[in-house]
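What follows is one structure encoded as structure tokens, with my remarks underneath.
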Amino acid sequence: MKLNYRVVIFALSIIFGLFFSAPSLFQMQDGKKITLGLDLQGGLHMLLGVKTEEAVKSRIKSIAASIKHFSERKDILIDSLHFDENEITFTLLDKDDAKTVQTFLHEIEGAVVVVVDEKISLSLTNEEIAETEKQAISQAIETIRNRLDQFGLTEPVVARQGEEKILVQLAGIKSADEEQRARELISRAAKLELMAVDEDRAARVHTMSESDAAAYGDVILEDAANPEIKHLVHEIPILDGGMLTDAHVGFDQNNRPLINFSLNAEGAEIFGDFTGKNVGKRLAVVLDGKVYSAPVINERIGGGSGQISGSYSVMEAKDLAIALRSGSLLAPIYLMEKRSVGPSLGADSIKASMIALIGGFILVIVFMIAYYRVAGIIANIALIANLFIILAVMSLFGATLTLPGMAGIVLTVGMAVDANVIISERIRELIHEGVSTHRAIEEGYSNAMRAILDANITTLIAAVVLYAYGTGAIKGFAITISIGILASMITAILGTHGIYQMLEKRIQKSKNNLLWFGIKG
Amino acid sequence: MEFFKYTRTFNFMGKSKLAMILSIVLVLSSFALLATKGLNYGVDFAGGTIVQVKYTTDAPIDDMREKLKGNKIFEDATITEFGSAEEVVIRMKTTTGNVTVDIGDVTRESLKDTGEFEVRRVDIVGPKVGSELKEKGIMSLILAIVGILIYVAFRFEWRFAVASIIALVHDVSIALGAIVLVGLEVNLDVLAALLTILGYSLNDTIIVFDRIRESVVKTRESELSEIIDDSITKTLARTTLTSLTTLFVVFTLFMFGGEIIHAFAFTLLVGIVIGTYSSIFVASPILLLFGFDVKKYHIKLAEKAKREAEKERMRSQFESGVM
Chain A
1 MKLNYRVVIF
11 ALSIIFGLFF
21 SAPSLFQMQD
31 GKKITLGLDL
41 QGGLHMLLGV
51 KTEEAVKSRI
61 KSIAASIKHF
71 SERKDILIDS
81 LHFDENEITF
91 TLLDKDDAKT
101 VQTFLHEIEG
111 AVVVVVDEKI
121 SLSLTNEEIA
131 ETEKQAISQA
141 IETIRNRLDQ
151 FGLTEPVVAR
161 QGEEKILVQL
171 AGIKSADEEQ
181 RARELISRAA
191 KLELMAVDED
201 RAARVHTMSE
211 SDAAAYGDVI
221 LEDAANPEIK
231 HLVHEIPILD
241 GGMLTDAHVG
251 FDQNNRPLIN
261 FSLNAEGAEI
271 FGDFTGKNVG
281 KRLAVVLDGK
291 VYSAPVINER
301 IGGGSGQISG
311 SYSVMEAKDL
321 AIALRSGSLL
331 APIYLMEKRS
341 VGPSLGADSI
351 KASMIALIGG
361 FILVIVFMIA
371 YYRVAGIIAN
381 IALIANLFII
391 LAVMSLFGAT
401 LTLPGMAGIV
411 LTVGMAVDAN
421 VIISERIREL
431 IHEGVSTHRA
441 IEEGYSNAMR
451 AILDANITTL
461 IAAVVLYAYG
471 TGAIKGFAIT
481 ISIGILASMI
491 TAILGTHGIY
501 QMLEKRIQKS
511 KNNLLWFGIK
521 G
Chain B
1 MEFFKYTRTF
11 NFMGKSKLAM
21 ILSIVLVLSS
31 FALLATKGLN
41 YGVDFAGGTI
51 VQVKYTTDAP
61 IDDMREKLKG
71 NKIFEDATIT
81 EFGSAEEVVI
91 RMKTTTGNVT
101 VDIGDVTRES
111 LKDTGEFEVR
121 RVDIVGPKVG
131 SELKEKGIMS
141 LILAIVGILI
151 YVAFRFEWRF
161 AVASIIALVH
171 DVSIALGAIV
181 LVGLEVNLDV
191 LAALLTILGY
201 SLNDTIIVFD
211 RIRESVVKTR
221 ESELSEIIDD
231 SITKTLARTT
241 LTSLTTLFVV
251 FTLFMFGGEI
261 IHAFAFTLLV
271 GIVIGTYSSI
281 FVASPILLLF
291 GFDVKKYHIK
301 LAEKAKREAE
311 KERMRSQFES
321 GVM
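Here is the structure:
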């Protein structure tokens with residue numbers, strides 16, 4: 001028996017296969033492992049869309065708020081400040097202020113300012129709108145990622161998919177409650193606004209309609225604890241969550257959880273100004289369009305910190321703080337696709353496909369030995385090596401094994417023997433023609449090679465297309481098939497050829513074609 | 001062991017007319033089925049909601065229907081057994097876009113008095129995502145076919161490429177027909193299976209074509225049908241054996257793989273049988289039909305060989321420094 005380069009490469013690839021598949025097979029602590037897809041280990045897969053038009057709306061709203069704040073600080077009198085989807089209009093009461101106001105307005109990025117006499121209108125350019133929408137998506141991704149990172153799951157996936165979709169994958173979710181919590185954390189807008197209560201009209205809130213309120217520049221908001229209670233607040237907020245720097249859970253004197261938040265310098269200044277000027281009036285703490293509390297301002301609040309009290313559990317308060325800390329969603333998100341798989345179903349899927357894999361595998365192995373004898377054994381060695389190499393490559397790349405991926409492996413097992421069947425049949429054919437076993441083997445390989453290559457390359461083309469166009473699970477299938485095909489080039493073509501060459505002397509000496517190739521002759 | 005002896009050549013081409021008729025009938029009836037009954041798109045492509053529920057005992061389907069009737073969300077819901085008597089799926093055409101309201105929770109709540117159960121899977125696919133997946137699926141089928149067409153035309157000859165594509169369309173059509181016939185739901189895994197059939201059936205066809213190409217080069221025989229008969233006979237052992245081993249595996253998947261892999265395995269099962277048949281009886285006769293000329297091919301090959309030899313001669317001259 002003589003070693004040759006083919007056997008050496010084959011042996012190395014087997015060692016490679018065993019070494020790198022071991023961490024996955026034996027669930028070792030160290031080393032790269034194959035990740036199980038959500039369909040196999042259970043978990044939550046969501047494709048989220050972003051209502052980007054809402055981001056533009058809130059951009060407009062915050063510009064309106066800053067105009068209002070600016071005019072108050074500079075003692076500029078303005079009247080009938082209104083805004084809709086993409087336009088803010090207001091009237092200047094004193095013409096002399098026009099220059100100051102315009103200078104301020106022109107500093108706002110992406111805004112078009114039109115002045116007709118005292119009437120000033122401001123809108124956003126199309127580029128600015130597109131930019132705002134784009135930012136809403138990237139900001140949503142960032143925010144969701146931050147929130148999930150603090151949620152305590154291992155490796156949550158948050159990624160952009162296509163132009164405007166967000167893919168969220170959470171593995172290892174164990175219960176419906178946990179899933180519910182995760183979903184709420186993700187979708188929570190966490191938009192904090194501090195709004196002034198319209199003290200002049202607050203008493204009439206229960207008799208007012210929404211349009212009545214709008215006429216005064218007010219909105220009616222529900223109370224968070226009791227939807228029956230309504231609050232009338234000025235539509236343009238004093239502050240919004242963009243100026244929030246921190247939020248964490250604290251407790252009041254009755255040991256009930258509350259959330260302490262702090263504002264950045266700009267926010268602190270606005271907050272200080274406002275509270276200083278409005279002592280005795282009420283300030284509504286509004287979260288996601290609901291009023292959590294509306295305390296009376298006793299004195300000027302400097303330092304830029306505040307509290308949100310409300311009736312919630314410690315867990316809820318914690319999640320709320322996480323959501324606030326990670327930033328608000330500029331635009332609400334909605335569900336485009338959701339797939340959730342319970343862990344027991346995943347385990348069942350693994351079990352079923354393992355049975356299929358092992359069952360099919362044993363059938364193939366027995367059949368090959370019965371039909372081809374030693375040639376069959378050689379083919380089987382290649383087959384098993386192939387399996388280990390697939391696992392090893394997948395582990396190395398940290399590829400995800402999905403249910404269709406399992407099916408892909410099963411199928412590769414079925415098809416990987418193909419190369420060896422083609423070769424063995426060629427060898428048999430040549431032996432029947434009466435050529436020596438040495439020539440039969442060499443010519444068998446060279447004759448079979450072209451067909452095997454063409455066949456594999458075409459299958460590879462199909463797999464690559466699948467990978468490029470497929471989503472999640474399909475991609476997994478394409479990956480295993482591709483790796484399987486490439487691995488079989490080494491194992492089934494190179495490896496088995498090497499083994500034959502190594503055994504050549506014995507085959508020639510024995511002349512027992514029944515033993516070696518399963519044929520008489 | 002030997003099932004196949006090479007003592008005589010089978011007369012496959014003699015049966016090609018019969019096969020042609022059979023194929024045309026099969027393909028046409030598949031088209032008819034597709035046109036009349038149509039594909040039954042699952043949630044992946046049509047959009048909608050699936051909730052899979054497993055009971056500890058047999059699922060009380062009637063009771064479940066009664067309980068779900070009360071909720072508007074389940075208005076158009078259908079409940080069917082899934083794999084075993086304990087397991088059912090509830091299918092709805094509607095979806096919800098609200099991230100916080102979960103249909104799984106709603107189901108749990110609605111069914112809470114029907115026994116001990118577990119919600120094992122919730123799939124919600126919005127209509128936009130569904131149609132996008134469908135477009136991508138069709139696109140990938142077309143792209144795969146085009147890629148293969150180019151490769152085969154380049155490696156063989158255009159008639160071989162056309163013949164293998166016709167065989168592919170033949171196989172996929174019949175597989176789709178079978179899917180419609182048994183009313184299988186078309187999901188992403190079925191699409192994966194169809195693409196696998198594409199690769200598999202092509203594999204088979206290429207092996208036969210490769211042998212035909214080889215025979216054309218080797219023999220002085222100029223009767224194409226005889227070359228084809230000879231080539232198919234010689235590859236018959238391989239075709240049947242590989243089909244058999246693959247069938248073993250797919251069949252175990254079909255039998256023991258569970259309900260979730262059922263549609264995938266069924267599609268493959270049909271595809272492997274059809275793919276094997278078509279590589280023998282469909283692909284090669286088309287070469288005849290398109291008038292592949294052995295003599296012309298010989299001449300072409302001879303020219304190509306001459307050019308190669310010329311190149312080789314020049315290269316060796318160059319290397320030995322003669323030029």
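Just so you know, the protein sequences line up as chains A and B, in that order.
Note that the first sequence covers residues 1 to 521 in full-length UniProt numbering.
Note that the second sequence covers residues 1 to 323 in full-length UniProt numbering.
Ideal Cβ positions, reconstructed from N, Cα and C, are used throughout, including at glycine.
Note that this is a predicted model, so its numbers are computed, not measured.
query, result
"Residue(s) in a DSSP beta bridge with A:K230", "A:E222"
"Whether A:R160 touches A:I129 by CB criterion (9 Å)", "no"
"For A:G398, the first and last residue of its enclosing beta strand (DSSP E)", "Note, A:G398: premise wrong, no beta strand (DSSP E); not H, not E."
"Members of the region 384-407 of chain A that neighbour chain B once the beta carbon cut-off is set at 9 Å", "L403, P404, M406 and A407"
"Residue range of the alpha helix (DSSP H) that includes B:F12", "First-last for B:F12: undefined, no H or E at that position."
"Length of the line joining the Cα atoms of B:V250 and B:A192", "14 Å"
"Closer than 7 Å at the beta carbon, the chain B residues around A:I186", "V99"
"Assigned exposure category for B:E185 - 16 Cβ within 10 Å defines buried", "buried"
"A:M28 in three-state terms, based on DSSP", "coil"
"Own chain residues within Cβ distance below 6 Å of B:F281, not counting five before or after", "A19"
"Interface flag, B:K54 vs chain A, CB-CB below 9 Å", "yes"
"Exposure label - B:Q317; buried when at least 16 CB within 10 Å", "exposed"
"Residue range of the beta strand (DSSP E) that includes A:K119", "K119 to L124"
"Among A:Q180, A:L258 and A:V393, the one whose alpha carbon lies nearest that of A:S13", "A:V393"
"Contact list for A:G342 against chain B, beta-carbon separation under 8 Å", "E118, V119, R120 and R121"
"Within 9 Å, strictly: CB atoms of A:S311 and A:G241", "no"
"Any chain A beta carbon closer than 9 Å to B:V89", "no"
"Distance between A:M415 and B:T57 (C-alpha atoms, nearest Å)", "40 Å"
"Cutoff 7 Å; reference B:T276; Cβ partners in own chain excluding five residues on either side", "D204, T239 and S243"
"Backbone CA spacing between B:G183 and A:V464 [nearest angstrom]", "30 Å"
"Those residues which DSSP pairs with A:S138 across a bridge", "Answer is none; A:S138 lacks a bridge partner."
"C-beta atoms of A:R426 and A:A448 nearer than 9 Å", "yes"
"Among A:S510, A:L514 and A:L494, the one whose alpha carbon lies nearest that of A:N4", "A:L494"
"Classification of A:V374 by the beta-carbon crowding that lies within 10 angstroms, buried from 16 upward", "buried"
"Residue(s) in a DSSP beta bridge with A:R428", "Paired residues: none, contrary to the question."
"Residue-level contact to chain A via CB, B:N203, 9 Å cutoff", "yes"
"Run of the beta strand (DSSP E) containing A:A331, from where it starts to where it stops", "Where A:A331 is concerned, there is no enclosing beta strand (DSSP E), given that its DSSP letter is neither H nor E."
"Cβ pair B:T100, B:I73 closer than 9 Å", "no"
"Within chain B, the residues that A:R6 reaches when beta carbons sit closer than 9 Å", "The premise fails here: A:R6 is roughly 22 Å from chain B at the closest Cβ pair, so nothing lies under 9 Å."
"Beta-carbon neighbours of B:M92, restricted to chain A and to distances below 8 Å", "Within 8 Å Cβ-Cβ: nothing; B:M92 doesn't reach chain A, min ~13 Å."
"Nearest candidate by alpha-carbon position, reference B:G115, set B:T78, B:R121, B:V53 and B:G104", "B:V53"
"Partner residues on chain B for A:T471, Cβ-Cβ distance less than 8 Å", "L133, K136 and L188"
"CB contact below 9 Å: B:L143 versus chain A", "yes"
"Counted within 10 angstroms of its Cβ, other Cβ atoms place B:A161 as buried (16 or more) or exposed", "buried"
"Min CB distance B:A192 to chain A below 9 Å", "yes"
"Residues near B:A77 in its chain [Cβ-Cβ closer than 7 Å; skip 5 each side]", "L68, I90, R91 and M92"
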